[in-house]
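Trainee:
Number of protein chains: 2
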Amino acid sequence: MSSPQFATRPGGRTARVRSDVLRATEQELAEHGYESLAIDAVAARSGVHRTTIYRRWKTVDGLLSDLLEAGRDDHWAPADTGSLESDLIALNREVHAALASGPSVTTAVIAASFRTPQAAAALTRFWDDRYERSAVLVTRAAERGEIPADTAAEDVVMAATSPIYHQLVLRRRAMSRADADWLARATAAAAKAGAFAR
Amino acid sequence: MSSPQFATRPGGRTARVRSDVLRATEQELAEHGYESLAIDAVAARSGVHRTTIYRRWKTVDGLLSDLLEAGRDDHWAPADTGSLESDLIALNREVHAALASGPSVTTAVIAASFRTPQAAAALTRFWDDRYERSAVLVTRAAERGEIPADTAAEDVVMAATSPIYHQLVLRRRAMSRADADWLARATAAAAKAGAFAR
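Residue numbers (this note's numbering), protein chains in the order written: chain Z, 1338 to 1535; chain A, 1338 to 1535.
1. Around the C-beta of G1482/A, are 16 or more other C-beta atoms found within 10 angstroms, so that it is buried, or is it exposed?
2. Do T1498/A and L1428/A have their C-beta atoms closer together than 9 angstroms?
3. In whole angstroms, what separates the C-alpha of V1442/Z from that of A1435/Z?
4. Look at the alpha carbon of I1484/Z and the alpha carbon of A1528/Z, and state the distance between them as a whole number of angstroms.
5. Identify the continuous alpha helix (DSSP H) that holds A1448/A and give its terminal residues.
6. Is the stretch 1391-1406 of chain Z in contact with the stretch 1469-1476 of chain Z, if contact means three or more CB pairs nearer than 8 angstroms?
7. Just checking, does the stretch 1381-1391 of chain A make contact with the stretch 1453-1467 of chain Z on the three C-beta pairs under 8 angstroms criterion?
8. Which residue from R1360/A, F1533/A, A1367/A and W1413/A puts its Cα closest to that of A1380/A?
9. With a cut-off of 9 angstroms, does the C-beta of F1343/A fall near any C-beta of chain Z?
10. For T1453/A, which of helix, strand or coil comes out of DSSP?
11. Name the two residues that bound the continuous alpha helix (DSSP H) containing A1490/Z.
12. Residue range of the alpha helix (DSSP H) that D1351/A falls in?
13. Should R1350/Z be flagged as near chain A, meaning a C-beta pair shorter than 9 angstroms?
14. Below 8 angstroms CB to CB, which residues in the same chain sit around Y1391/A once its five sequence neighbours on both sides are set aside?
15. In terms of alpha-carbon separation, which member of A1437/Z, F1533/Z, R1355/Z and A1525/Z lies closest to Q1504/Z?
16. What residues match up with A1459/A in a beta bridge as DSSP calls it?
17. Show which residues of chain A have a CB atom less than 8 angstroms away from the CB atom of A1521/Z.
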């Protein structure tokens, strides 16, 4: 659920160029935000020639979309901490950290998604992937007998996380990490009470 | 929580101009969406001269922000249907209707909020107002003894509604009205189980 970290990985020159450009994009974003993100600055920071970047990614939104695609390639999985409540707290802390601390890849791509269909589609794919991977923390809890077997996994994950997006991204209101923890606890209690049984 | 309907009301010429312009803005939005919203089209439809509109509202985002402000003036209150579950279902149906059916004022202002601080501030004020007004359905349920007295009212309302925004606006995925109903039922069950007691 968190902002994707683009990790270096083995590969040829093309993979290295992608890695360098995406890392520079992420750093520029973190320092200057989406509104000021510019291909020339990414070129200067990455050491990759601007014509190469324009040819491969075309626009700033192309860079952002590829940054999210790279996030889908990674090995992210929700923490396995032994209980539904603590798993949801770990997840909510990741989401909270990705949204609450200055300009993030996540908020930048959300902004971009209202401008270009490319960014919107990348965001839809990214979240589909992350919600699918997150479902395991609910099925593990069901296997442990913590919650009913017919608990709707994605709804539990969304119940824990979506108020954080709503509060921080859409309402633009403050939310503390303690509030994010509280949401996780409320969701775990609701699931244990059978509120999410389909 | 729904898209604000700008109602005609008594008043002088200034109030009538505002009413005509905002109604035209809402109709243009519904027909053509945010990306195509233009002051000239609003002028043509409302019969108010474009220079008047430019002087008073300046930009398309100014029109949208004022449309939300007008929504705050209205007499909206959540339905009082006799139970927490049916009150939340009524609320979720309003939110679902505002978001799921073509270009809405709500989705347009959300898009605008990522471009101008004016629209972002209008959206924050609008939601603050609507969440504050919605809290009464939770306090009513507590008074009826349906839920614990220390239930966090705004958190219950947000638990019911925020997955609809997340799914339809941010993830850009389908959600049926039956799913919105289900979320309301799950939230009511969770509140009854004490999951939202602070």
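We treat Cβ as the ideally placed atom computed from N, Cα and C, and that holds for glycine.
Mentor: In short:
1. exposed
2. T1498/A places its beta carbon less than 9 angstroms from that of L1428/A.
3. 8 angstroms
4. 6 angstroms
5. V1442 to S1450
6. no
7. no
8. R1360/A
9. Confidence is the limiting factor: at F1343/A the pLDDT is only 47, short of 50, which leaves the residue's position unreliable and the question unanswerable from this model.
10. coil
11. A1490 to Y1502
12. The sequence given here has Thr at residue 1351/A, not Asp. That run of the alpha helix (DSSP H) goes R1350 to H1369.
13. no
14. I1376
15. A1437/Z
16. DSSP output for A1459/A lists no bridge partner at all.
17. Going along chain A, no residue has its Cβ under 8 angstroms from A1521/Z, so there is no contact; the nearest lies around 11 angstroms.
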